[in-house]
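Okay, structure first, notes after.
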Amino acid sequence: KFGQILSTRPDLVPEEYGRELARLQDRLPPFPSDEARQVIAEELGKPVTELFATFVDAPLAAASIAQVHAAELADGSQVVVKVQRPGIESLVETDIHILLRLAALAHRTIPEVRQL
Numbered sequence: 503k504f505g506q507i508l509s510t511r512p513d514l515v516p517e518e519y520g521r522e523l524a525r526l527q528d529r530l531p532p533f534p535s536d537e538a539r540q541v542i543a544e545e546l547g548k549p550v551t552e553l554f555a556t557f558v559d560a561p562l563a564a565a566s567i568a569q570v571h572a573a574e575l576a577d578g579s580q581v582v583v584k585v586q587r588p589g590i591e592s593l594v595e596t597d598i599h600i601l602l603r604l605a606a607l608a609h610r611t612i613p614e615v616r617q618l
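For the sequence shown, my numbering begins at 503 and goes up steadily by one.
This is the structure we're talking about:
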């Protein structure tokens, strides 16, 4: 995630690094649909079969934090369901902890960083 953020900051990284880091924003392989169904059931308190008239197991898109599935409600409304990757919260917390430590180190050792 840190690399994805840096790829959007040409003021912090050279252009050639930014281009390489931008590749981190490409699609990721989806996680299994049974895991997506389990996350939905745990978060919403009911199995997918009770929440949606139809649920498409193949995701429309998958990224580093979540993937998106098409579904239909009982009234016929078409919806999309964004499902967080299992375990992503702890990974994001770890990333934030690392970023805070790196920022503190950079602030202490790189004079230019103090101006940001």
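Where is the CB? At the ideal position from N, CA and C, for every residue including glycine.
Name the DSSP bridge partner or partners of Thr596? DSSP output for Thr596 lists no bridge partner at all.
Please name the residue, chosen from Phe557, Arg511, Ala565, that lies closest to Ala572 on a Cα-to-Cα basis. Phe557
Which residue comes first and which comes last in the beta strand (DSSP E) that contains Ala568? 568 to 574
Contact set for Val515: own chain, Cβ-Cβ below 8 angstroms, skip 5 residues either direction: Leu508, Ser509, Leu523
Collapsed DSSP secondary structure at Phe504 in the structure displayed: helix
Evaluate the contact criterion for the region 556 to 570 versus the region 531 to 543: three or more CB pairs, one atom per stretch, below 8 angstroms. yes
Quick one: what does DSSP say Thr551 is sitting in, helix, strand or coil? helix
Classify Thr611 as helix, strand or coil using the three-state DSSP reduction. helix
If you follow the alpha helix (DSSP H) that Val581 is part of, which residue opens it and which one closes it? Element bounds for Val581: not the alpha helix (DSSP H) but the beta strand (DSSP E), 580 to 586.
Using the Cβ count rule (16 or more neighbours within 10 Å means buried), how would you classify Ala476? The displayed coordinates of the chain run from 503 to 618. Any statement about residue 476 would go beyond what the structure contains.
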